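*Asks:* Here the sequence shown stands for residues -2 to 380, numbered as in our numbering. C-beta atoms are modelled at their ideal positions from N, C-alpha and C, and glycine is treated no differently. A quick note: this is a predicted structure, and the numbers were derived from the prediction, not measured.
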Amino acid sequence: MKTIYMDYSATTPMKPEVIEVMTDAFKHHYGNASSIHHIGQEAKVLLQQAREQVAQLIGAEAREIFFTAGGTESDNWAIQIALETKPGKHIITTNVEHHAVLHPLEALEKKGYRVTYLPVDEYGMVTPEQVEEAIEEDTILISVMYINNEIGSINPVEQIAEVAAKHGILFHTDGVQALGNTPIDMSTNKISMMSMSSHKIYGPKGVGALYIRKGVRTVPLIHGGAQERKVRAGTENIPGILGFAKAAELAGASLDQHIEKLSRLRDKLRDGIMNNISDAKYNGHPVLRHPGNVNICFKYIEGESLLLLLDMKGICASSGSACTSGSLDPSHVLMNIGLTHEIAHGSLRLTLGDFTTEQDVDTVIEEIKPIVERLREMSPLTE
Ligand SMILES: *Cc1c(COP(=O)(O)O)cnc(C)c1O
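#1: When the Cα atoms are used, what is the spatial distance from glycine 85 to histidine 96?
#2: Is isoleucine 62 helix, strand or coil when you go by DSSP?
#3: Could you check if glycine 205 belongs to the surroundings of ligand 1, using beta carbon to heavy atom distance under 7 Å?
#4: Hey, quick one: how far does the alpha helix (DSSP H) through histidine 96 stretch, first residue to last?
#5: Just the C-alpha distance for glutamate 130 and methionine 193, rounded to the nearest angstrom, thanks.
#6: Given a cut-off of 8 Å, decide if glycine 165 and histidine 287 are closer than it, judged by their beta-carbon atoms.
#7: Scan the stretch 178 to 202 and note each continuous alpha helix (DSSP H) run of 4 residues or more that stays entirely inside, going in chain order.
#8: From the DSSP output, read off the bridge partner residues of aspartate 4.
#9: Alpha carbon to alpha carbon, what distance is there between tyrosine 297 and aspartate 276?
#10: Any chance the CB of histidine 196 is under 7 Å from a heavy atom of ligand 1?
#11: Assuming aspartate 386 is part of the beta strand (DSSP E), what are its boundary residues?
#12: Can you name, in chain order, every residue of its own chain whose Cβ lies under 7 Å from the Cβ of asparagine 152, other than the five neighbours on each side?
#13: If you count every other CB in all the chains shown that lies within 10 Å of the CB of glutamine 174, and 16 or more means buried, which is it?
#14: Roughly how many angstroms separate the alpha carbons of arginine 373 and threonine 379, rounded to a whole number?
#15: Using beta-carbon positions only, say whether glycine 205 and serine 195 come within less than 8 Å of one another.
#16: On a CA-only basis, which of Val213, Val93, His25, Asn186 is nearest glycine 116? Give me that one, please.
#17: Using the DSSP secondary-structure output, state which residues sit across from tyrosine 208 in a beta bridge.
#18: If you follow the beta strand (DSSP E) that arginine 111 is part of, which residue opens it and which one closes it?
#19: From what residue to what residue does the beta strand (DSSP E) around serine 140 run?
#20: If you draw a straight line from the alpha carbon of tyrosine 114 to that of aspartate 135, how long is it in whole angstroms?
#21: Drop a sphere of 10 angstroms on the beta-carbon of threonine 23, count the other beta-carbons inside from all chains shown, and report buried for 16 or more, exposed for fewer.
#22: Taking 7 Å as the cut-off, is the C-beta of histidine 95 nearer than that to any heavy atom in ligand 1?
#23: Mapping the DSSP letters down to three states, classify alanine 319 as helix, strand or coil.
#24: Tell me the start and end of each unbroken alpha helix (DSSP H) in the stretch 267 to 313 that is at least 4 residues and wholly inside, in chain order.
#25: Can the beta-carbon of isoleucine 238 be found closer than 8 Å to that of leucine 44?
#26: Assess contact between the stretch 51 to 62 and the stretch 104 to 113, defined as three or more Cβ pairs (one per stretch) separated by less than 8 Å. Is contact present?
#27: Is the Cβ-Cβ distance between proline 252 and proline 180 less than 8 Å?
#28: Between the beta-carbon of valine 98 and the beta-carbon of valine 128, is there less than 8 Å?
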């Protein structure tokens, strides 16, 4: 049985070119980039090239890219930067953020900070006007995710960044799902900080970056040595960073084709499911959307059972996000776009990527209908 992987928003397989670069680095570029000798200096040169490659993907300058251990660290760091460089106790975010933003903010509330969790519309989006209205005298940070990891909606982050800039407030965006899936150009927007992760763009896990616009004051989250211009200590993960940079280079070289191909397959998958199965709801924005995201709730069934039966057919999917599965609560994103418990429980997220084929999409369309029907026959909820 062929495995059909449709969980690219949870993580991506690495591209062969990335593995090649990393293997070479593990073998030959073992130097510590802080060492004076030639092996160390070689690593330092490669590190700088990697920084340029990642910067290029988002129209930034190399000095605005700071490598981290992933998206979660970058999100935590961005919040820490606001806390330590701005006076004030108020933060604005949305109620559909990734837990890497929500949980640190909830921890801050216990320490006396006030957090406004903006309610989202039926698509999981907020407007710049909503953000502006929520600004208070002592707001230090606005953090709104670029693309939602569960339902794929794209927020108007450039306009929100304008609002933040007008009021002199730092604007951070969790750009983990946006990187490599939508054009981003830091030279034409006012985003102050953006989180990125390598393993969502066909690079290795455990590596990411925080974009910090030049001029934004920065402080360390992790204290120690003088790496990353003294703001992110710890010996650089050279193989991981080089793999991330290769993935970024590949993403940049084929961004338009990637978006075009995925959007076509995504819409085919959506239509194939929605036209064949009744009592289903398509979640997320119809157009302003991640090119590879399909999120559908099927009435009367449990998403978990659906996942297990799909897995028995070799199909890897997810209900909501990988991070919330394992708990019985329905996804906060689906609840906050206004779905009932019952409907949110029947959610399925299929996320496509560069290795997804037309045949994969056809197979999933074919396999899913009898599975949903079987589950509905057994369900006590079916009317
Ligand atoms: C995956 C993801 C993260 C976490 O990134 P890691 O590199 O796995 O720590 C954060 N935010 C979003 C939106 C994500 O999809």
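*Replies:* So, from the listed chains and residues:
#1: Straight-line Cα distance between these residues: approximately 23 Å.
#2: Looking at isoleucine 62 - three-state DSSP - the assignment turns out to be strand.
#3: yes
#4: Taken as a continuous stretch (DSSP letters only), the alpha helix (DSSP H) holding histidine 96 covers 96 to 107.
#5: Cα to Cα, the separation comes out at about 28 Å.
#6: No. Outside cutoff.
#7: Counting whole runs of 4 or more residues, the stretch 178 to 202 contains no alpha helix (DSSP H) stretch at all.
#8: Bridge partners of aspartate 4: Thr348.
#9: 9 Å
#10: yes
#11: Only positions -2 to 380 of the chain appear in the structure, and residue 386 is not among them; the question remains open.
#12: Excluding residues within five positions, the ones whose Cβ falls inside 7 Å are Met122, Val123, Val141, Met142, Tyr143.
#13: Classification of glutamine 174: buried, given that the 10 Å Cβ count is 16 or more.
#14: 6 Å
#15: Inclusion of glycine 205 and serine 195 in the CB contact set at 8 Å is warranted, their separation being smaller than that value.
#16: Before going on, a small fix: residue 116 reads as proline here, not glycine. Taking only the C-alpha atoms, the option nearest proline 116 is Val93.
#17: Ile62, Met191
#18: 111 to 115
#19: Where serine 140 is concerned, the enclosing beta strand (DSSP E) stretches over 136 to 140.
#20: Going from the Cα of tyrosine 114 to the Cα of aspartate 135 covers about 16 Å.
#21: For the record, residue 23 in the displayed sequence is phenylalanine; it is not threonine. Within 10 angstroms of the beta-carbon of phenylalanine 23 lie fewer than 16 other beta-carbons, which makes it exposed.
#22: yes
#23: Model confidence at alanine 319 stands at a pLDDT of 46, short of 50, so the residue's coordinates are unreliable; what they give is reported in the following sentence. In the structure shown, alanine 319 sits in coil (DSSP, three-state: anything other than H, G, I, E or B).
#24: Counting only runs of 4 or more residues that sit fully inside the stretch 267 to 313, the alpha helix (DSSP H) segments are 300 to 309, in chain order.
#25: yes
#26: no
#27: Here the sequence assigns leucine to residue 252, which means proline is not the residue at that position. Yes, Cβ-Cβ distance for leucine 252 and proline 180 is below 8 Å.
#28: Judged by beta-carbon spacing, valine 128 lies beyond the 8 Å limit of valine 98, meaning their Cβ atoms are not closer than that value.
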